[in-house]
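S.K.:
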Amino acid sequence: MNNPSESPAFRYSPQLAGTIERHWQHYWRDRGTFHAPNPVGALATEEPLPQDKLFVQDMFPFPSGAGLHVGHPLGYIATDTFARFNRMLGKNVLHTLGYDAFGLPAEQYAIQTGTHPRIKTQESIDNMERQLNRLGLGHDKRRAVATTDTDYYRWTQWIFLQIFNAWFDTEQNKARPIAELIPLLKSGERPVPAEFGAADFNELDHVQQAQVIDSYRLVYRSNSTVNWCPGLGTVLANEEVTSDGKSERGNYPVFRKKLSQWMMRITAYADRLIDDLDKLDWPDKVRSMQRNWIGRSRGAEVEFRCQGYPITVFTTRPDTLFGATYMVLAPEHELVDALVAGGSGNYDGVDTRWTYGANTPAEAVARYRADIAAKSDLERQENKEKTGVFLGAYAVNPVNGAEIPVFIADYVLTGYGTGAIMAVPAHDERDYEFATVFGLPIIEVVAGGNVAEAAFVESGTGVNSANDFGLDINGMAKDEAIAATIAWLAQHGVGREKIQYKLRDWLFARQRYWGEPFPIVYDEDGIAHALPASMLPIELPEVEDYKPVSFDPDDADSEPHPPLAKARDWVEVVLDLGDGPRKYRRDTNVMPQWAGSSWYQLRYIDPANNDAFCDLENERYWTGPQFDGDCGGVDLYVGGVEHAVLHLLYSRFWHKVLFDLGYVSSFEPYRRLFNQGYIQAFAYTDARGVYVPAAEVEEKDGKFFYNGEEVAQEYGKMGKSLKNSVSPDEICDNYGADTLRVYEMSMGPLDTSRPWATKDVVGAQRFLQRLWRLAVDENTGELALIDASLNDADNKALHRTIAGVREDYENLRMNTVVAKLIEYVNYLTKTYPQGAPRDAVVPLVLMVAPVAPHIAEEIWSRLGNADSLAYQPFPSFEQRWLVDDSIELPVQVNGKVRGRINVAVNATNDDVVAAALSDENVAGHVAGKTLVKHIVVPGRMVNLVVK
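In this text, residue positions in the sequence shown follow UniProt numbering: the first is 1, and each later residue adds one.
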């Protein structure tokens, strides 16, 4: 970097850049430059709105206590650049940024620092806001929200109540208000669920009626197997557990445990969540991840009988039923204990491989369950040695009457299908491995492989597949055999066609403090009551002890104890819910952190609305469908691919419920999704494997040293724990915010990861310095421009730059935008060393403005303009300057390039050959030889064949 004392007085130095940047940031803020008007409400204006609008949104950031490193703003700079470009195209652009401030990350940081989550969260927000403000992001600050604001989570609670007070009508394939269900139950048009018996709804008491209604709700309480994390003191959704059975946050062990918890019936929307993916402009990878997570498959449900109990299995290959030689239940299956109790009670005469080293099935089951309690679903399904336990019970195969042994094994899950499988080892790899370990029969029922060596899982024709009761699929191909088998099963009352999903309902509760309280109270009968909207928000009480009741991370037998349960004055209340004052008990769980981020784009649209979460007219303007069949949604949503399932699936579900209930016009929240890559960096570890400060590592002869000790280099994510993070404050101090913006945008394609190198930042700084010198005299501060007309070469350079930059901005190719701008600046610098024409520089300043707005505004102002360039029209190009009059062609002689010629674009072949023969270099290679033939490839080359 230059020493300021040796630099010209008006050089674009870090000090000058900082002064310019502060000035323009204050200018934009004070004038509301980036305020986007709404059609109606508090943010409306009297002037007519542009029909052409753009809603661009970044994924909600967590307010990190550690602050930002240079990797965090990558997407924010890109969306800001894109938004600024579109404002210059005349669009009404909505762009803002809020904070996803509830949840485990903020709470864990507060606990570690001994500060109340509210205080620590606000400190983190303030620090991130300060850092982001330095980057000159053009956000409409009026629209910024934090999920912890009571004005915000009031509406999160309100939306929860709309979902709670709704049910999914499978006939209409949509959500409807519970108020429309009750008359249907009373009239008998909707049945009372089977678990209540063959009851008439009108004959049930009020508690039973409430239970029937609750069984239909889109939000319900379920006593089911959940992921219990003692180390965090809370239950977790499946999506929050890693493949090795640990919590995504904190890496604590997670155990499968039966608990009563709030669930959201996201499975009701499984088909719509899959089918509507085709309407979204999303990366194929993300759409594929959602399809796989939802996991829709077609097959049959088949009923096996065991000790008088029906065991239902789901299979996509009912044509292989004759090859089912054993059954496997999930260890948590509800029938396991009953089957064990109904058996002989001992393992006399049983293969010792089946007993798990125990003397009785009951002892084996208890031991096995304890051993697998800490395994995640993904870990249980990994391809590894199979384990299991025989229950001492046999089931009857419905197609051939064979009695087959029933096992439990961890590779079968309660979370998919029915929690039970018919095992066909000849044609399923996992079943084959299990059968091999346990010495079970392997019967071929699909011809085409060698099942003595491995399972045959391809299509083939049926063999060994016939009974005396009308089912014979021998010789049939797969599809025909499946159809025939399903028809037979249905005819005999032992099966039916079925569509199955991997997707499970969303576990929607946390036993923590820092989250949205549920707007639910329970009466003395335990019935849940939704609170009226007039009582919202239900605010978090101030408590002295907000820490979760956590346990030994390995204590699988521990039970959740929510911190809010300690606030007795808050929990126990007297309310009048329409039938007089009564005692109620509040729910002491809180919502998961995904609640607030499932709808925040809608509050961005209408943040000052006190009467609704979002006015439908404002929503329709910003995110409504734009043509028949359009799903609507945010025009551009930018964020990491790590949210492909968690946030994006949950947000789509909430939005579809709101659409069904008539609160929004769009049926998808995000029309277009773009996944940005990451900025990565080298990290270094010493001989102990401890990370050392990357900035203090020296390279010598291809090796790396820290304090004289050789260290190992690795490459990956930038972060505080790896001691390789670089603060954006540091770069802004040493180079300026515009330099940081230009460097990050120039590093590579936005959707790929790229390595950070502080030493390369100077390249972006030098580009901006050259740009500055084109317009401003470094010694006097006066304009350095000249009044001169552009020649043909200037016009070609300018208009080709405009055309290329426009296209690249539109397609988020920010790296090639910067490359084209650098090329044009270099052209002007080389062509006009004493001062460039004004007409060549003015459009350059406008083209630079989206990516480097501060320096562009400053030059624009010095050019004599009183207003900001934020809404100036983006330069346009003339087509005639994009077409060459002449073209350079390589000339080959007998296949080798011997020269190059310039010819008119419309030159005839004869003209091209004549020009080639007259070239001095070419002439030397054809002299004294006979031209046998010539080959002209228009626009590409000419080849002369001589002898």
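Note that CB positions come from ideal geometry on N, CA and C, so glycine has one too. Predicted model, so just to flag it, every value in this text is computed and none were measured.
Rounding to the nearest angstrom, what Cα-Cα distance links R585 and H561 in this structure?
M.R.: Distance between the alpha carbons of R585 and H561 is about 16 Å.
S.K.: How would you call G470, buried or exposed, if buried means at least 16 neighbouring beta carbons within 10 angstroms?
M.R.: It counts as exposed.
S.K.: From V726 to E920, what distance separates their C-alpha atoms?
M.R.: Approximately 57 Å between the Cα atoms of the pair.
S.K.: Look at F456 and V463 and say whether their C-beta atoms are less than 8 Å apart.
M.R.: Taking 8 Å as the Cβ cut-off, F456 and V463 do not qualify as a contacting pair.
S.K.: Is A775 closer than 8 Å to L790 when the C-beta atoms are compared?
M.R.: Not in contact: L790 and A775 (Cβ atoms no closer than 8 Å).
S.K.: Straight-line CA distance for W506 to Y252?
M.R.: Those two C-alpha atoms are separated by around 21 Å.
S.K.: Does P563 come out as helix, strand or coil in the three-state DSSP assignment?
M.R.: Reduced to three states, the DSSP call for P563 is helix.
S.K.: Please name the residue or residues paired with F304 in a DSSP beta bridge.
M.R.: DSSP output for F304 lists I311 as bridge partner(s).
S.K.: Identify whether P4 lies in helix, strand or coil by the three-state DSSP scheme.
M.R.: Reliability of the predicted coordinates at P4 is poor, the pLDDT of 47 falling under 50, and no value is obtained from them.
S.K.: So, under 8 Å CB-CB, E617 and L602 are touching, yes? Tell me the CB distance rounded to an integer number of Å.
M.R.: The Cβ separation is near 13 Å, so there is no contact.
S.K.: Just to confirm the assignment: which complete alpha helix (DSSP H) runs, minimum length 4, are found wholly within the stretch 465–510?
M.R.: Listed in chain order, the complete alpha helix (DSSP H) runs (minimum 4 residues) inside the stretch 465–510 are 478–491.
S.K.: Is it true that the CB of R249 sits closer than 8 Å to the CB of Q122?
M.R.: No, these two residues do not count as a Cβ contact at 8 Å.
S.K.: For E299, does the three-state DSSP call read helix, strand or coil?
M.R.: One point to set straight first is that residue 299 is Gly, not Glu, in the sequence displayed. Strand.
S.K.: Check whether the stretch 635–650 touches the stretch 182–198, taking contact to mean three or more Cβ pairs, one atom from each stretch, closer than 8 Å.
M.R.: Touching, no.
S.K.: With 16 as the cutoff for other CB atoms within 10 Å, does D884 come out buried or exposed?
M.R.: Exposed.
S.K.: Can you name the residues that DSSP bridges to Q676?
M.R.: Per DSSP, none; premise fails for Q676.
S.K.: Let me know the secondary structure DSSP gives I372 once reduced to three states.
M.R.: Helix.
S.K.: Tell me the rounded alpha-carbon separation between A179 and T242.
M.R.: Approximately 40 Å between the Cα atoms of the pair.
S.K.: So, I527 versus A210, is the Cβ gap smaller than 8 Å?
M.R.: Yes.
S.K.: From the DSSP secondary-structure annotation, give me the bridge partner or partners of R582.
M.R.: DSSP, once it has assigned bridges, lists L575 as partnering R582.
S.K.: Give me the Cα-Cα distance between A330 and A366, rounded to the nearest whole angstrom.
M.R.: In a straight line, the C-alpha of A330 is about 13 Å away from that of A366.
S.K.: Quick check: the Cα distance between V235 and Q511, rounded to an integer number of angstroms?
M.R.: V235 and Q511: Cα-Cα distance of roughly 7 Å.
S.K.: What does the alpha-carbon distance come out to for the pair L277 and P625?
M.R.: L277 and P625: Cα-Cα distance of roughly 15 Å.
S.K.: Using the C-alpha atoms, what's the distance from Q500 back to D615?
M.R.: Roughly 38 Å between the two C-alpha positions.
S.K.: Grouping DSSP H, G and I as helix and E and B as strand, with all else coil, what is N165?
M.R.: Coil.
S.K.: Does the beta-carbon of Q491 have 16 or more other beta-carbons within 10 angstroms, so that it is buried, or is it exposed?
M.R.: It counts as exposed.
S.K.: Distance check for S666 and A281, CA to CA, integer angstroms please.
M.R.: Looking at the sequence shown, residue 281 is not Ala but Asp. The straight-line gap from Cα to Cα measures roughly 15 Å.
S.K.: Distance, Cα to Cα, M941 vs V897?
M.R.: Each residue's Cα considered, the two are about 10 Å apart.
S.K.: State yes or no: is the C-beta of I802 within less than 8 Å of the C-beta of P843?
M.R.: The answer is yes: Cβ separation under 8 Å.
S.K.: Which of the three DSSP states is assigned to H529 in this structure?
M.R.: Residue state, collapsed to three classes: strand.
S.K.: What would DSSP say about W756, mapped onto helix, strand or coil?
M.R.: In the structure shown, W756 sits in coil (DSSP, three-state: anything other than H, G, I, E or B).
S.K.: Check whether the Cβ of D52 lies closer than 8 Å to any Cβ atom in chain B.
M.R.: Here chain B cannot be found, since the structure has a single protein chain.
S.K.: When the Cβ atoms of the stretch 55–62 are set against those of the stretch 735–754, are three or more pairs found closer than 8 Å?
M.R.: The answer is no - the stretch 735–754 does not touch the stretch 55–62, with fewer than three Cβ pairs under 8 Å.
S.K.: Could you name the residues that DSSP lists as bridge partners for E710?
M.R.: Its beta-bridge partners are F705.
S.K.: Between the alpha carbons of N609 and G633, how many angstroms are there, rounded?
M.R.: Their backbone Cα atoms lie some 20 Å apart in a straight line.
S.K.: Measuring alpha carbon to alpha carbon, tell me which of S886, A916, Q769, D911 ends up nearest I904.
M.R.: First, the amino acid is wrong: residue 904 is Ala here, not Ile. Answer by Cα proximity: S886.
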